[in-house]
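Numbering (this note's numbering), first residue to last: 6 to 677.
All residues carry an ideal CB built from backbone N, CA and C; glycine is no exception.
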Amino acid sequence: NKLFLRLRTPLHDEQLALLIERTHPELQDSLSTAIELRLDNTGVPAREIDPTLLDRTTSIAAASIRKITMGRLFRRTQLLRKAGLSGFSTGTMIAAFIVLPTVRETWTERMLLFRDTPWPRQVTLIVANFPNGVRRVARGADAEILVTAQSTGKLPKFVELQYLGANGWTAHRMGTRGSAEERSQVFTHTIKSPKEDLTINIRGGDGRIRDLRLEVVEPPSLKQLALMITPPSYIGGEPRPLAATRLVEVPTGSTLSITAEASKPLSKAMIRSLPAKQQMNKTAAGTTNSAAEQDFIVAQIKAPPLGITSKNQQKPQNEPPDSLTGILGPILKDSILEIQFTDTTGITSQKPIRFQIISRPDQPPKVEVTPDSISSFITASSGIPITGKIEDDYGIAEAVVSLRRIATTDQAEAIANTTQTVTMSLPTQSSTALNLTKESSARINADSLPAKVGDELELVVSAKDYCGLASGPQTTATDPWRLRVVSPEVLLAMLEAREIILRRRFESLIADFQQKRDRVASDADSEKNDNKVITSRIAEATSKANGETTEIAGSFRGISNELFNNRLLTPQLEARLLSQIVTPLETIIEGPLEQLRLAVYSSEKTVNAKQLIRMADACLDQMRAVLDKMIELETYNEVIDSLRNLIEQQQSIRGETSKQQKQRARDVLKGL
């Protein structure tokens, strides 16, 4: 180009005159002077000069023109050298075009067709995941740039990545990944959490990649999650909304409808269920087994992303969806639901949205009952009351009390069908609790077996729920209570022995209370301790007396109830136990003992120590009166027991006499 420009440059007369005078010094500047002072077209000198001098100068120049030679004007040696070099370059280029057609085509496209075709290079750089030179990444996500360098010769030692952001250009040397293959090496660099669009240039060896575009966009996120649960029919299977939390608990057998709405239109979305205690199977290459994954898919959307479009392109007529709905169920085990979105440009949510589904199994009924006011020894005519509570999470279908005789080996066939069952009625199907109080307790009678003295009985309470799952209703049964049938006389003797133990305990309580009272009185008389110490001692003695008296009264009432349940409570026994022992003890607890307790624990006013001692004496007097009645009744019981022993001895003597008489009669018959 420069050569053609120089050849086309016009040369003026003054410039030519100077060129001639440089190569012909003998002209003595006459030629350039004559030309500069030449006449114009009118014949008038261009300047005011002396015509004589002008003529003389012109004559000298004209006389010297014949001496000018053209050979002195050009540098032939340099011209020949440059012509040779130019010819050699032209020939080399023509030869290269002939031998290297790729170079010829590239030169033609660049020089003649003005295309941006790169010249053939030794190193070729190939960047991944930049379709049409543009790549989109989610905001906050790392962007890994992978570049493959291929070379026809020696591979570059390093590849440099440059990107332009708001703060200017930043350069990084890319690291290698893996070992170099045959004339190929992979280079990588991770741009940490880009927050703005970047322009990227990459170079390595003589390879160049320019004007790549990394665009940062917002990833799709979960805008709203709606859950609708349909419980099993036996619970009341009406659909109802469920709060979306990290842990979602549902009854076993329920069906769950999931609707996930994204923050932007989607090209792909998936809801899948993963087992809570195991991971998805992985192949040897580290990829997810597609067959295993398919089994867990709850819902999905599949549509090709729109890609990177220009502003002039029209939008599709059908708007892409921004939500998907799936149904999971029936839910029998714990699982993890995973939701993942991909928008219309191919950007996937950074982390899948996960929440756990907890399958709450149907619990068996809770049976917390016990025989009330009955011991392990009963009479053949006793009635056994059952008190307590039976609960179930979704409703009790049936509660059964069964009493059966424990069969021995020789009795098994004879009593195979003697089990008695009593079914307790339930208020409604929706009842989840059944309270069995003393007033509404279930009662089973031992004489309905029938039971005999010496029999071993077994009492069991069971309950069944309304569970409608494949496993069927669940039943809970209590541990069996073992009962032994004894005669009324034996049971009365046992209860009388228990009365004696209670009387001795009450007697010991009175003695201990009296001892503490005397010690407090002695300290009050000697004024060794202040009123607070005395009050605290009386408070301690009162609390112990109150608690033990309450227990003793409850034990005597239990004896009365046990007599009633065993059909042994006569009006005389009831009057003796309740009217003469239990009621007076309860009166003492609610009267003198309660007054003494309030007096020693009162914070409003301080009671005199002597007054506290008098109140304690009043309690002791009434307690002794009840103790005397116990001793009197114990003496009565001893008389009754002695009579009972005499009767038993008389019956034993009669039986023995009858045996001896029969034996003598046999001996007489043998002698005949």
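Between PRO199 and GLN355, the beta carbon gap of about 13 angstroms keeps them out of contact (Cβ cut-off 8 angstroms). Within the stretch 567 to 621, the runs of alpha helix (DSSP H) at least 4 residues long that lie entirely inside it are, in chain order, 576 to 579, 588 to 595 and 597 to 606. Judged by their CB atoms, ILE411 and ASN571 are not nearer to each other than the 8 angstroms cut-off.
Around the beta carbon of GLU187, fewer than 16 other beta carbons sit within 10 angstroms, so the residue counts as exposed. Counting only the Cα atoms, LEU78 lies some 19 angstroms from ALA68.
With a threshold of 16 other beta carbon atoms within 10 Å, GLN666 falls short and is exposed. Per DSSP, reduced to three states, the secondary structure at PHE119 is coil, with no helix or strand assignment. For THR347, the uninterrupted beta strand (DSSP E) run begins and ends at 340 to 348, by DSSP. If you look at MET275, you'll find it isn't in any alpha helix (DSSP H); it sits in the beta strand (DSSP E) that goes 271 to 280. Rounded to the nearest angstrom, the Cβ distance from ASP327 to LYS269 is 7 angstroms, consistent with a contact under 8 angstroms. Distances from the CA of PRO597 to each of PRO576, ARG487 and ASP626 were compared; the closest alpha carbon is that of ASP626. The beta carbon of ASN613 sits closer than 8 angstroms to the beta carbons of ASN536 from its chain, once the five residues preceding and following it are set aside; these are given in chain order. DSSP places ASP216 inside the beta strand (DSSP E), whose first and last residues are 212 to 222. Along the length of the stretch 379 to 404, whole alpha helix (DSSP H) runs at least 4 residues long do not occur. When only Cα atoms are considered, LEU329 and ALA265 end up about 6 angstroms apart. Taken through DSSP and simplified to helix, strand or coil, ASN172 comes out as coil.
Note: LEU227 is bridge-paired with ALA267 in the DSSP secondary-structure output. By the C-beta density criterion, PHE93 is exposed, having fewer than 16 other C-beta atoms within 10 angstroms. Annotation for ASP460: ARG410 and VAL490 place their beta carbon closer than 7 angstroms to its own, counting only its chain and skipping 5 residues before and after.
An exposed status is given to PRO125, since fewer than 16 other beta-carbon atoms sit within 10 Å of its beta-carbon.
Between the stretch 166 to 184 and the stretch 235 to 246, the count of C-beta pairs closer than 8 angstroms stays below three; the two stretches do not touch. Ranked by Cα distance from GLU41, the first of HIS17, GLN577, PHE511 and THR662 is HIS17. Using a Cβ distance threshold of 8 angstroms, ALA544 and LYS521 do not count as a contacting pair.
Of all alpha-carbon atoms in GLY170, GLU165, TYR606 and ARG120, the one lying nearest the alpha-carbon of ALA176 is that of GLU165.
The beta carbon of ARG365 lies closer than 8 angstroms to those of GLU254, VAL255, PRO256 and THR257 in the same chain, with the five residues before and after it left out.
The beta-bridge partner set that DSSP reports for PHE360 consists of LEU342. Annotated as proximal: GLN368 and ASP398, with beta-carbon spacing under 8 angstroms. The three-state secondary structure of ARG251, taken from DSSP, is coil.
The DSSP-derived three-state label of SER436 is coil. For SER35, same chain residues with a beta-carbon under 6 angstroms away, outside a window of 5 residues either side, are THR62, ILE65 and ALA66 in chain order. Annotation: the continuous alpha helix (DSSP H) that includes LYS87 extends over 81 to 104. Residue nearest to PRO589 within the set ILE557, GLN600, ILE618 and LEU568 is ILE557 (criterion: CA-CA distance). Annotation: THR113 is outside any alpha helix (DSSP H) and is labelled neither H nor E by DSSP. DSSP places SER198 outside any alpha helix (DSSP H), giving it a letter other than H or E. Using a Cβ-Cβ distance cut-off of 8 angstroms, the stretch 212 to 228 and the stretch 121 to 141 are in contact, since at least three pairs of beta carbons, one from each stretch, lie closer than that value. When the beta-carbon positions are compared, ILE391 and VAL372 stay at least 8 angstroms from each other.
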